[in-house]
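*Asks:*
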Amino acid sequence: MHTQKQEKSVTPSISTKALQAELSNLHHRMNNPLAVISGNVQLLKELAKALSVGEDLEGPLTDIASAVDQLAAGTEQLILLRELLQRTSE
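For the record, in the sequence shown the residue sitting at position 58 is 72 according to our numbering, with numbers rising by one throughout.
1) For Val67, does the three-state DSSP call read helix, strand or coil?
2) Hey, out of Ile51, Ala62, Lys31, Glu69, whose CA is closest to Gln84's CA?
3) Determine, using beta carbons only, whether Leu75 and Leu37 come nearer to each other than 8 Å.
4) For Glu90, which of Ser29, Thr30, Met44 has the nearest alpha-carbon?
5) With the cut-off set at 8 Å, would you say Leu58 and Leu48 are in Cβ contact?
6) I'd like the list of long-range same chain contacts for Leu5, defined as Cβ closer than 7 Å, with 5 residues on each side in sequence excluded.
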């Protein structure tokens with residue numbers, strides 16, 4: 015027979031683990047497309063340089079790369095949050 019206090023101590027643990035898993039999944043789902051975008055930006059920079067149109071595309075491609083870097087930094091915050099949850103639930 016579980017007491018009400020025991021049930022309360024188990025429930026947060028389960029929900030914390032579920033939240034940690036969801037943060038990991040979200041990090042993974044966001045990082046994969048960001049890696050594709052980043053790789054394609056690098057490819058386009060090389061192609062633009064080879065076709066002598068690099069100057070025309072340099073600004074927009076740099077903007078895209080910067081946005082990807084900002085989003086990637088944001089996804090790393092998800093991992094930090096997951097680790098914080100893990101430390102506080104121990």
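Ideal Cβ placement from N, Cα and C applies to all residues, glycine included.
*Replies:* Here's the rundown:
1) coil
2) Ile51
3) no
4) Met44
5) no
6) Only positions 15 to 104 of the chain appear in this structure, which leaves residue 5 out of reach.
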